[in-house]
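Residue numbering for the sequence shown follows this note's numbering, starting at 1 and increasing by one per position. The structure appears below as structure tokens.
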Amino acid sequence: MEKMERLTRLKERHSALEKRINSIGKEYFQESLRLSMELGELIEEIESTQEREKIPRNQVLSAKIKIVKYGIKLSKRLKYFEEEVVIQFDRGNITKEFGKSLISVTKRIKDNKMHLAKQEFRQFQGIIDLSREHDESSARLESEAKALRKEQYRIKELLKGLSWLDSQSVDLEKARRHEHYLEKLEELGKLREDYLHSLLSRPVSSLLAEAAPLKEHLPDFPSESEMAEMRQFFSAYPAIGESSLNKLCGMFSFSEKKLSHMCPETSRFRKTLLPHKAWFESMRTLDLSSFLVLEEGDEAMPGFYSEHVPGAQKIAEGLRIPPRERAAALQEYKKKQEIEKKRKELSAYSKEGLEKELEETESLLGFLESAPGPEEEPQGQNQGLLSRISSFFKT
């Protein structure tokens with residue numbers, strides 16, 4: 001109700017401005033406005049020049065000459081303006097009375113009676129002010145209409161969403177099957193963390209024995225002969241073999257002297273272990289990498305878990321689902337997720353409430369965009385500024 005009252009006031013004000021323009025003569029208004037603005041600019045420039053002509057005696061001659069030349073230029077522009085008034089009258093764009101009123105102002109200027117010219121110009125300033133107010137009012141109405149159209153679109157989209165929800169159905173059994181699949185993946189993910197933690201916390205000599213199953217999953221895996229050489233080395237130097245991966249990787253940067261305290265055969269250390277520095281360092285950060293991470297649809301990885309990771313066999317078996325069946329379950333799961341998301345977004349709305357809101361919005365928009373009713377004759381108005389201007393347009 002409050003919005004309707006506000007729009008009514010805006011539209012009534014705009015309608016009043018339209019009537020004032022029509023009372024002047026709508027077919028003449030644009031040209032009358034242009035000539036009024038041009039005359040106003042001329043008056044401002046002439047006044048400015050007249051002020052500058054009050055030059056002190058010590059003013060340089062060149063400045064005086066410039067001012068005089070500009071004054072001559074303005075006189076020519078005033079003459080051209082008078083000619084333009086006649087041209088527009090001949091074309092039927094202004095009335096004779098309006099043209100005479102403009103020429104009367106220019107005559108006052110030529111007679112050096114600027115104060116009288118400005119008094120007569122006030123009626124033309126009224127046209128300029130009216131045009132500005134009308135433009136501002138039009139922009140305000142368009143802004144209101146734009147906001148209502150935006151609101152109308154928003155409500156329709158919400159109603160469309162509610163209708164979509166009503167039309168949807170989900171195979172809950174298939175959706176639950178995929179949820180179960182994701183739960184199994186998460187369980188294996190936790191087992192992966194435990195497995196890698198257990199593996200990487202072992203001494204390097206023990207790690208070599210346990211790392212064999214990882215050969216197919218790790219790049220730069222040492223050959224069997226290289227693994228045998230490393231095992232022999234760790235047997236010869238058990239203190240190094242009992243070291244953690246972190247400690248061993250730190251030894252790669254030891255100086256010859258420091259390394260010799262732990263391994264007198266430094267050349268053997270460098271020949272046997274140093275070529276595999278990158279492999280040991282990559283092993284050290286396996287838990288931070290994507291190593292053994294399970295992804296949806298992976299057929300091979302569950303087999304590895306089932307065979308090598310304690311407690312994973314039963315979980316991995318639950319992931320062995322035929323591709324077509326898994327795809328159907330995934331589709332229903334995604335559909336269920338989409339519906340739940342949309343339902344949450346629209347939880348604050350009802351179809352009845354939105355339909356009522358849409359009806360009110362469209363009613364306001366229809367009112368705002370409707371054509372004004374027939375103009376009424378002004379009743380008992382005093383003869384003000386615009387009434388005097390309108391008299392110029394009577395034929």
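Just so it is clear, CB atoms sit at the ideal spot from N, CA and C, and this is done for glycine as well.
On the three-state DSSP scale, how would you describe residue 251? helix
Which residue wins for smallest C-alpha separation from residue 186, given the options 312, 85, 256, 270? 312
Would residue 230 be called buried (16 or more neighbouring beta carbons within 10 Å of its own) or exposed? buried
Rounded to whole angstroms, what is the Cα-Cα separation between residue 130 and residue 17? 7 Å
Are at least three pairs of beta-carbons, each pair with one atom in the stretch 193-210 and one in the stretch 163-176, less than 8 Å apart? no
Residue from 223, 237, 232, 243 whose Cα sits closest to the Cα of residue 276: 223
Around the C-beta of residue 58, are 16 or more other C-beta atoms found within 10 angstroms, so that it is buried, or is it exposed? With a pLDDT of 49 at residue 58, under the threshold of 50, the modelled position of this residue cannot be trusted; read the value that follows with caution. Residue 58 should be labelled exposed.
Using the Cβ count rule (16 or more neighbours within 10 Å means buried), how would you classify residue 117? buried
Span separating the alpha-carbon of residue 262 from that of residue 317: 47 Å
Just the Cα atoms here: how many angstroms apart are residue 128 and residue 154? 39 Å
Cβ-Cβ separation, residue 35 to residue 78 (assumed contact under 8 Å), whole Å: Contact doesn't hold; Cβ gap of about 13 Å is too wide.
Span of the alpha helix (DSSP H), counted from its first residue to its last, around residue 25: Note, residue 25: premise wrong, no alpha helix (DSSP H); not H, not E.
Inspect the CB distances between the stretch 257-273 and the stretch 232-239 and report whether three or more fall short of 8 Å. yes
Figure out for me which residue from 330, 309, 336 has the closest Cα to the Cα of residue 210. 309
In three-state terms, what does DSSP make of residue 111? coil
With distances taken between CB atoms, is the gap from residue 220 to residue 282 smaller than 9 Å? yes
Nearest-angstrom beta carbon gap, residue 342 and residue 165 [assumed within contact, 8 Å]: 6 Å
If you follow the alpha helix (DSSP H) that residue 301 is in, where does it begin and where does it stop? 301-308
Which of the three DSSP states is assigned to residue 195 in this structure? helix
State buried or exposed for residue 378, treating a residue as buried only when at least 16 other CB atoms are found within 10 Å of its CB. With a pLDDT of 40 at residue 378, under the threshold of 50, the modelled position of that residue is not reliable, and the figure given next carries that caveat. It is exposed - the Cβ of residue 378 has fewer than 16 other Cβ atoms within 10 Å.
Pick helix, strand or coil for residue 262, following the three-state DSSP scheme. coil
C-alpha distance - residue 31 paired with residue 160, whole-angstrom precision: 49 Å
Closest residue to residue 151 among 86, 369, 354, 272 (Cα-Cα distance): 354
Can you round the beta-carbon distance between residue 329 and residue 181 to whole angstroms, since I take them to be within the 8 Å contact cut? 7 Å
Return helix, strand or coil for residue 161, following the three-state DSSP convention. helix
Kindly indicate the opening and closing residues of the alpha helix (DSSP H) around residue 361. 351-369
If contacts are defined as beta-carbon pairs under 8 Å, then residue 273 and residue 304 qualify, I think. What distance do you get, rounded to the angstrom? About 27 Å; that fails the 8 Å criterion.
Kindly indicate which residue of 15, 293, 244, 21 has the alpha-carbon position closest to the one of residue 284. 244
Comparing C-alpha positions only, which one of 179, 51, 46 sits nearest to residue 110? 46
C-alpha gap between residue 13 and residue 39, whole angstroms: 28 Å
Under the three-state DSSP convention, the category residue 332 falls into: helix
Closest by C-alpha distance to residue 21, when choosing among 217, 253, 134: 134
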